[in-house]
Amino acid sequence: MPLKEDPSCLGESRQTAIQRLNSLWKRLSRDKEYLSLYEKFLQEYEDLGHMREIKADGSGVSFYMPHHGVYRPEKSTTKLRTVFNASSPSTSGKSLNSIQFNGGLVQEDLFSIMVRFRKHKYAFTTDRENVSHDKHTSEANVFAKNSVEEGHRRANENVRVNYSHLRHS
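Following my numbering, the numbering of the sequence shown begins with 51 at its first residue and continues without gaps.
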């Protein structure tokens, strides 16, 4: 990921990520379906190799990203969408998003897409549930745990870009 500033300018983000993780688990504990979907997401995310557990030894620069779920039980396809918040500021006031270069547009404008779509007799559409891009290790970490009571939190390193909301890894 191309950065405008050295990652060492990022302040401490660990405590904020832990606080938001604990708040998330309190919400999850009040709704069994939401809890089940979130646990399934985290397990799938790890099984697919998008994150792996790391031992946080305090050396080097680490940015811990808060994450939460957007739970929509009325949806028939994707009831849970997980959002990783790389815009969450660290103690220096800077976030991972604020120190990275913004990329250009990767999708054509809607008018061009619609014109090209109408030129053909048949069209196919799909609905992708998970979208992955290039595999690489990121500067961002996330915390995960297995229950609201669990004191131990696993620090995990993101190793893939996943979903449009994860713009930083």
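For every residue, glycine included, the Cβ atom is placed at its ideal position computed from N, Cα and C.
Counting only the Cα atoms, V120 lies some 10 Å from T128. Take the alpha-carbon of V111 and the one of Q150: they are about 15 Å apart.
Less than 9 Å separates the beta-carbon of T66 from that of S138. Secondary-structure assignment with DSSP links L53 through a beta bridge to Q150. In the same chain as S63, and ignoring 5 residues on each side of it, the C-beta atoms closer than 6 Å to its own belong to F113, Y114, S140, in chain order.
Going by DSSP, Y121 is part of the beta strand (DSSP E) stretching over 117-121.
Between E83 and K144, the C-beta gap is not smaller than 9 Å, which leaves the two residues out of contact.
One alpha carbon belongs to T175, the other to F161, and they sit about 17 Å apart.
Counting of Cβ neighbours within 10 angstroms places F167 among the exposed residues, the total staying below 16.
Contact annotation, I104 with F193: C-beta distance approximately 11 Å; criterion of less than 8 Å not satisfied. If you draw a 10 Å sphere on the C-beta of A173, you find fewer than 16 other C-beta atoms in it, and that means exposed. For T132, the enclosing beta strand (DSSP E) has its first and last residue at 130-134.
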